[in-house]
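Take a look at the structure below.
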Amino acid sequence: MTFKAEADSGVADRVEWSYAPKVGVGPLRFGMTVDEVVEAAQVLGRTRVGDCPRDHAIFSPTWKIEVHRGAAPVPPAVTAYVSQAAGLFCIAADAVHGPQVEHDGISLVGRELRELESEEIAHAEAVDGHFRYTPEGYAGPDDPGVVMRGQRVGQVLRSRPLFMVPRDGAHTEWDSMPSEEHCHGQSTT
Numbered sequence: 001m002t003f004k005a006e007a008d009s010g011v012a013d014r015v016e017w018s019y020a021p022k023v024g025v026g027p028l029r030f031g032m033t034v035d036e037v038v039e040a041a042q043v044l045g046r047t048r049v050g051d052c053p054r055d056h057a058i059f060s061p062t063w064k065i066e067v068h069r070g071a072a073p074v075p076p077a078v079t080a081y082v083s084q085a086a087g088l089f090c091i092a093a094d095a096v097h098g099p100q101v102e103h104d105g106i107s108l109v110g111r112e113l114r115e116l117e118s119e120e121i122a123h124a125e126a127v128d129g130h131f132r133y134t135p136e137g138y139a140g141p142d143d144p145g146v147v148m149r150g151q152r153v154g155q156v157l158r159s160r161p162l163f164m165v166p167r168d169g170a171h172t173e174w175d176s177m178p179s180e181e182h183c184h185g186q187s188t189t
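Just so we're aligned, residue 1 is where the sequence shown starts under the UniProt record's numbering, counting upward by one.
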């Protein structure tokens, strides 16, 4: 089943990016520096670089690069997180404005989380494979490099996947998640 954005769904037209585990998403490659991310992200739109709060002493300083589509003042389509020690380690695709990314033929960005869960279950049964849940109960692919998050869009909770590799001082992608992404689904867009 292919996800189609509908005019009344609150989901913008999207470009499509490919995902390669432990390599990157679209033009962004894990390990890139801030300058490399800014240059590569220009294919999508304008960028803004800012510091991230240093919540844990074990992590090196981290920057957040927000990539905005077009000139209109809209939320970022992509947010990339770059640590001084590990380089680019996390790429968040916005549920409304972000690029569409597939995993095993399943569209991951901007989906109603209930529908995505149903499709992940059907896919796992069809290929005798697996899927996994986050602690919040969001279903996603059985790939440690994809951490599914929820983003409220109107009254609907939509998928906002994070594509990740472990960062300095962390053992897993989940441990590497930027603190801003832990509570992202709490806000309205």
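No residue lacks a Cβ here, since even glycine has one placed at the ideal position from N, Cα and C.
- prompt: Are the beta-carbon atoms of Gly-45 and Gly-70 separated by less than 9 Å?
  reply: Residue numbering aside, residue 45 sits at position 45 when the sequence shown is read from its first letter. Residue numbering aside, residue 70 sits at position 70 when the sequence shown is read from its first letter. Closer than 9 Å, so yes.
task: Have a look at Pro-53, Gln-155, Ile-106 and Gln-100 and flag the residue whose alpha-carbon is nearest the alpha-carbon of Ser-179.
output: On the sequence shown, residue 179 is found 179 positions in, with the first residue counted as 1. Minimum Cα distance to Ser-179 is reached at Pro-53.
- request: Could you spell out the range, first to last residue, of the alpha helix (DSSP H) harbouring His-182?
  value: The residue labelled residue 182 in the question sits at position 182 within the sequence shown. Its alpha helix (DSSP H) spans residues 179-182.
- prompt: In three-state terms, what does DSSP make of Asp-51?
  reply: Start at 1 with the first residue of the sequence shown, and residue 51 comes out as number 51. DSSP places Asp-51 in strand when its eight states are reduced to three.
query: Under a three-way DSSP split, which group does Ala-20 fall into?
result: Mapped onto the sequence shown, residue 20 falls at position 20. In the structure shown, Ala-20 sits in a strand (DSSP, three-state: E or B).
message: If contact is defined by three or more beta carbon pairs under 8 Å, each pair taking one atom from either stretch, is the stretch 60-70 in contact with the stretch 137-152?
response: no
task: Consult DSSP for Glu-91 and reduce its assignment to one of helix, strand or coil.
output: As a first step, residue 91 is located in the sequence shown; it is residue number 91 there, counting from the start. Looking at the sequence shown, residue 91 is not Glu but Ile. Correct three-state label for Ile-91: strand.
message: Quick check on the DSSP output: what are the complete beta strand (DSSP E) runs of length 3 or more inside the stretch 75-142, in order along the chain?
response: 78-83, 87-93, 100-103, 131-133 and 139-141
- request: Mind checking which residues open and close the beta strand (DSSP E) that includes Val-156?
  value: For the purposes of this step, residue 156 is taken as the residue at position 156 of the sequence shown. It spans 156-164 - the beta strand (DSSP E) in which Val-156 sits, taken as one unbroken run.
- request: Please determine, among Leu-28, Ala-40 and Phe-89, the residue with the shortest C-alpha to C-alpha distance to Pro-166.
  value: To locate residue 166, count along the sequence shown from 1; it is residue 166. Of the listed residues, the one whose Cα sits closest to Pro-166 is Phe-89.
field: Residues that DSSP places opposite Leu-28 in a beta bridge
entry: The residue you call residue 28 lines up with position 28 of the sequence shown. For Leu-28, which the question treats as bridged, DSSP gives the partners Val-25.
Three-state class that DSSP yields for Val-43 in the structure shown: Counted from its first residue, the sequence shown places residue 43 at position 43. Looking at Val-43 - three-state DSSP - the assignment turns out to be coil, as it is neither helix nor strand.
message: For a quick check, are the C-beta atoms of Ala-80 and Asp-94 less than 9 Å apart?
response: In the sequence shown, the residue the question calls residue 80 occupies position 80. In the sequence shown, the residue the question calls residue 94 occupies position 94. No.
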